[in-house]
Amino acid sequence: MRFRLELWRQADPGADGRYEVVEADGIDAEASFLEMLDHVNERRIASGEDAIAFDSDCREGICGSCSLVIDGMPHGPRRVTSCQTFMRDFEDGQTIRVEPWRSNAFPVIRDLVTDRSAFDRIIEAGGYVSVTTGPQPNPNAMPISPETQEQALDAAICIGCGACVAACPNGAAMLFTGAKVTHLNVLPQGQPERRWRTLAMVEQMDEEGFGGCTNHGECSLACPQGISLDVIGMLNREYRAALRGKPVAGTPGMTAQ
Amino acid sequence: MSTVEVARGRSRPRELWDSTIGKKIVAALSGGVLVAYVVLHMLGNLTSLYGAGDGHARVDRYAHWLRTFGEPLLPYASVLWAVRALLLAALGLHVAAVVSLRRRSLAARPRAHRAKRIGRSLSSRTMLLSGLLLLAFVVFHILQFTTLTIDVTPLREGAVYANLAEAFQTWYLVLLYVAAVVALGFHLRHALWSATQTLGVDRPGRNQAIRRGATALALVVAVGFAVIPIAFWTGVLPQP
Numbered sequence: 016m017r018f019r020l021e022l023w024r025q026a027d028p029g030a031d032g033r034y035e036v037v038e039a040d041g042i043d044a045e046a047s048f049l050e051m052l053d054h055v056n057e058r059r060i061a062s063g064e065d066a067i068a069f070d071s072d073c074r075e076g077i078c079g080s081c082s083l084v085i086d087g088m089p090h091g092p093r094r095v096t097s098c099q100t101f102m103r104d105f106e107d108g109q110t111i112r113v114e115p116w117r118s119n120a121f122p123v124i125r126d127l128v129t130d131r132s133a134f135d136r137i138i139e140a141g142g143y144v145s146v147t148t149g150p151q152p153n154p155n156a157m158p159i160s161p162e163t164q165e166q167a168l169d170a171a172i173c174i175g176c177g178a179c180v181a182a183c184p185n186g187a188a189m190l191f192t193g194a195k196v197t198h199l200n201v202l203p204q205g206q207p208e209r210r211w212r213t214l215a216m217v218e219q220m221d222e223e224g225f226g227g228c229t230n231h232g233e234c235s236l237a238c239p240q241g242i243s244l245d246v247i248g249m250l251n252r253e254y255r256a257a258l259r260g261k262p263v264a265g266t267p268g269m270t271a272q
Numbered sequence: 020m021s022t023v024e025v026a027r028g029r030s031r032p033r034e035l036w037d038s039t040i041g042k043k044i045v046a047a048l049s050g051g052v053l054v055a056y057v058v059l060h061m062l063g064n065l066t067s068l069y070g071a072g073d074g075h076a077r078v079d080r081y082a083h084w085l086r087t088f089g090e091p092l093l094p095y096a097s098v099l100w101a102v103r104a105l106l107l108a109a110l111g112l113h114v115a116a117v118v119s120l121r122r123r124s125l126a127a128r129p130r131a132h133r134a135k136r137i138g139r140s141l142s143s144r145t146m147l148l149s150g151l152l153l154l155a156f157v158v159f160h161i162l163q164f165t166t167l168t169i170d171v172t173p174l175r176e177g178a179v180y181a182n183l184a185e186a187f188q189t190w191y192l193v194l195l196y197v198a199a200v201v202a203l204g205f206h207l208r209h210a211l212w213s214a215t216q217t218l219g220v221d222r223p224g225r226n227q228a229i230r231r232g233a234t235a236l237a238l239v240v241a242v243g244f245a246v247i248p249i250a251f252w253t254g255v256l257p258q259p
């Protein structure tokens with residue numbers, strides 16, 4: 016297959032970026048989008064040109080490293096991760112525009128690579144639980160209902176890629192923060208820091224310069240993990256309860272051991 | 020001491036206003052006050068449908084009642100003015116919160132970025148537009164029917180039915196009022212759903228019902244308002 020790529024090129028965070036047109040031919044239809052870029056880079060390196068920088072790691076859709084906006088859509092038309100997007104989903108000869116995540120909280124490092132450490136700092140602010148060390152706890156001492164497990168795992172599946180921010184017209188990070196808060200706040204292990212975690216993570220989220228959510232729902236549709244918009248409602252609920260300083264209604268009276 | 024603990028020293032309202040979620044709560048609650056008023060206003064307007072009533076139209080009596088409400092315990096029109104003050108405060112907070120959030124959102128995103136959007140409804144996409152149109156309309160509406168400053172058609176204080184009947188013989192006023200309530204309907208459709216989400220009263224199980232309820236209420240309000248100018252224009256409601 017053959018494609019005409021319009022790739023975002025930017026030398027460093029301070030530089031002005033621009034699109035560079037790159038021809039990619041001899042591409043296997045079964046190649047992933049990242050493999051296609053590898054192919055382009057190999058040719059460029061062989062002919063003495065510089066390689067196009069992009070992020071990748073596991074290439075099996077679970078690490079959240081790849082972060083390409085493909086034809087205006089975070090991760091491309093299939094709404095899976097960029098690495099799980101295959102060239103067979105495009106038409107032969109098509110022009111494809113490739114951009115980095117566009118958010119001022121995710122500054123471009125080089126070309127298609129952005130600095131997403133803003134997410135790490137949100138996690139650092141409260142995305143953890145404290146556990147006491149010592150003898151192994153009795154496995155039945157902390158019952159968790161299947162519904163709670165489901166809810167926590169549906170949120171925990173977030174890989175932190177940042178597609179939600181890239182998809183949001185407001186550049187908000189509510190789906191990400193909501194997923195992390197939901198994951199920990201519904202589990203008994205997350206109860207001791209519940210209130211503090213919510214306040215700290217929201218505060219860090221605001222500090223990083225993400226925009227405010229207006230409930231468009233773009234984030235959830237772009238999310239490769241299919242995180243539900245419900246986590247944003249949950250985050251709002253948790254935040255309001257945390258601000259009031261009251262335990263959240265419906266919270267099981269469980270504490271970590 | 021972490022930054023968060025330091026930040027806890029702020030007053031509660033300050034803390035609310037400083038956070039994006041808090042500001043949205045302010046926007047949702049102040050918007051809620053405005054929605055409650057809009058519904059009451061629509062119901063009040065519908066008293067016009069009782070007709071002219073031999074010079075004592077039901078809507079005129081209703082308007083008079085709004086002013087004499089609470090008398091003799093309270094001075095003339097005091098409740099009316101209290102409601103007006105509340106509405107102005109709510110509107111002020113709503114606009115201030117939205118402007119501040121909007122500035123934040125613009126700052127969060129590089130200028131020239133255009134992206135494909137796949138999930139937004141028409142009403143959510145046009146919230147700012149419908150909001151600005153409504154704001155401009157409210158100013159016009161108050162100048163026309165409350166202060167009687169803009170008299171395109173001859174207006175008389177207290178003669179609500181006659182004023183409406185007269186004004187809505189003019190085609191562009193009918194069009195303007197219908198357009199305004201269409202904007203209101205669009206604004207409410209996203210606002211009502213979004214406010215439940217912001218206030219955290221949504222639940223996964225009831226979200227579909229909330230969305231449908233928001234659409235239904237928006238439709239009822241828009242139709243309830245639109246019916247008055249159309250009824251006068253088409254002659255369904257008689258001239259006084």
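Respectively, the protein sequence lines represent chains D and Y.
Be aware that the first sequence starts at 16, since it is given in my numbering, and climbs by one per residue.
Be aware that the second sequence starts at 20, since it is given in my numbering, and climbs by one per residue.
Even for Gly, the Cβ is constructed at its ideal location relative to N, Cα and C.
For residue i, count neighbouring Cβ atoms within 10 angstroms of its own Cβ and tell me buried if that reaches 16, exposed if not.
i, result
"Gln-227 of chain Y", "exposed"
"Arg-133 of chain Y", "exposed"
"Glu-176 of chain Y", "exposed"
"Glu-218 of chain D", "buried"
"Leu-207 of chain Y", "buried"
"Pro-28 of chain D", "exposed"
"Gln-272 of chain D", "Caution applies to Gln-272 of chain D, whose pLDDT of 38 falls short of 50 and renders its modelled position unreliable; the value that the coordinates give is listed next. Exposed: under 16 other Cβ atoms inside 10 Å."
"Cys-173 of chain D", "buried"
"Arg-17 of chain D", "exposed"
"Pro-32 of chain Y", "exposed"
"Thr-39 of chain Y", "buried"
"His-198 of chain D", "buried"
"Leu-151 of chain Y", "exposed"
"Trp-212 of chain Y", "buried"
"Ala-44 of chain D", "exposed"
Please check the pair residue i and residue j, which I expect to be a contact at CB under 8 Å, by giving their CB distance rounded to whole angstroms.
i, j, result
"His-90 of chain D", "Arg-139 of chain Y", "Actually they are not in contact, since the Cβ atoms of His-90 of chain D and Arg-139 of chain Y sit about 18 Å apart, beyond 8 Å."
"Pro-239 of chain D", "Thr-96 of chain D", "5 Å"
"Ala-68 of chain D", "Val-144 of chain D", "Not really, about 36 Å apart at Cβ, beyond 8 Å."
"Leu-218 of chain Y", "Asn-251 of chain D", "7 Å"
"Glu-233 of chain D", "Ile-249 of chain Y", "With 8 Å as the limit, Glu-233 of chain D and Ile-249 of chain Y do not qualify as a contact, their Cβ atoms being about 36 Å apart."
Let me check one thing: in DSSP terms, what residues is residue i bridge-paired to?
i, result
"Ala-187 of chain D", "D:Gly-226"
"Arg-112 of chain D", "D:Glu-21"
"Glu-35 of chain D", "D:Leu-22"
"Phe-121 of chain D", "D:Ser-118"
"Phe-101 of chain D", "D:Ser-47"
"Met-88 of chain D", "D:Ile-85"
Quick check: does the Cβ of residue i come within less than 7 Å of any heavy atom belonging to the ligand SAH?
i, result
"Gly-227 of chain D", "Ligands displayed in this structure: none; no statement on the ligand SAH is therefore possible."
Can you pull the chain Y neighbours of residue i, defined as C-beta to C-beta under 7 Å?
i, result
"Phe-225 of chain D", "Ala-127"
"Ala-120 of chain D", "Ala-127"
"Gln-236 of chain D", "Residue identity differs from the one stated: residue 236 of chain D is Leu in this sequence, not Gln. Here the neighbours are Ile-137, Gly-138."
"Asn-185 of chain D", "Ser-124, Ala-127"
"Asp-221 of chain D", "Ser-38, Thr-39"
Residue i touches chain D at which residues, Cβ-Cβ below 7 Å?
i, result
"Gln-216 of chain Y", "Asn-230, Ile-247, Gly-248, Asn-251"
"Gly-219 of chain Y", "Gly-248, Asn-251, Arg-252, Arg-255"
"Arg-123 of chain Y", "Gly-226, Gly-227"
"Ser-4 of chain Y", "Since the displayed chain Y opens at 20 and closes at 259, residue 4 of chain Y lies outside it and no answer follows."
"Leu-120 of chain Y", "Gly-227"
Applying a beta-carbon distance threshold of less than 8 Å, which residues of chain Y neighbour residue i?
i, result
"Gly-87 of chain D", "Arg-133, Ala-134, Lys-135"
"Glu-233 of chain D", "Arg-136, Ile-137, Gly-138, Arg-139"
"Ser-243 of chain D", "Pro-223"
"Arg-24 of chain D", "Those do not exist, as Arg-24 of chain D stays about 15 Å from chain Y at its closest Cβ, beyond 8 Å."
Taking residue i as the query, report the chain Y residues whose CB atoms sit under 9 Å from its CB, ordered along the chain.
i, result
"Leu-258 of chain D", "Arg-31, Glu-34, Leu-35, Ser-38, Ile-40, Gly-41, Ile-44"
"Val-144 of chain D", "Near Val-144 of chain D there are no residues of chain Y at all, since even the closest Cβ is about 17 Å away, more than 9 Å."
Given that residue i touches chain D, what residues does it touch there, using C-beta distances under 8 Å?
i, result
"Met-146 of chain Y", "Thr-229"
"Pro-94 of chain Y", "Here the premise fails: no neighbours, minimum Cβ distance about 37 Å."
"Ser-97 of chain Y", "Simply none; closest approach about 33 Å."
At least three beta-carbon pairs within less than 8 Å, the segment 206-219 of chain D to the segment 175-186 of chain D: The segment 206-219 of chain D, when compared against the segment 175-186 of chain D, does not touch it at the 8 Å Cβ threshold.
Cβ contact check for the segment 166-178 of chain D and the segment 187-202 of chain D: 3 or more pairs under 8 Å: By the Cβ rule, the segment 166-178 of chain D counts as touching the segment 187-202 of chain D, because three or more pairs are nearer than 8 Å.
Given 8 Å, three or more beta-carbon pairs between the segment 80-94 of chain Y and the segment 190-199 of chain D: By the Cβ test, the segment 80-94 of chain Y is not in contact with the segment 190-199 of chain D, since fewer than three Cβ pairs between them sit closer than 8 Å.
Cβ contact (3+ pairs, closer than 8 Å) linking the segment 194-211 of chain Y and the segment 230-247 of chain Y: Yes: at least three Cβ pairs fall under 8 Å.
Segment contact flag, the segment 109-118 of chain D with the segment 198-209 of chain D, C-beta cutoff 8 Å, min 3 pairs: By the criterion of at least three beta-carbon pairs nearer than 8 Å, the segment 109-118 of chain D is not in contact with the segment 198-209 of chain D.
contact_flag[the segment 80-94 of chain D, the segment 46-53 of chain D] where n(CB pairs < 8 Å) is 3 or more: In the pairwise beta carbon analysis, the segment 80-94 of chain D is classified as touching the segment 46-53 of chain D: at least three pairs are separated by under 8 Å.
Meets three-Cβ-pair contact criterion under 8 Å: the segment 101-112 of chain Y and the segment 41-61 of chain Y: Taking a cut-off of 8 Å on C-beta distances, the segment 101-112 of chain Y touches the segment 41-61 of chain Y, as three or more cross pairs fall below it.
Sufficient close CB pairs (3 or more, under 8 Å) joining the segment 103-110 of chain D to the segment 158-173 of chain D: No, the segment 103-110 of chain D is not in contact with the segment 158-173 of chain D.
Three-pair Cβ contact test at 8 Å for the segment 136-143 of chain D versus the segment 55-65 of chain D: No contact exists between the segment 136-143 of chain D and the segment 55-65 of chain D.
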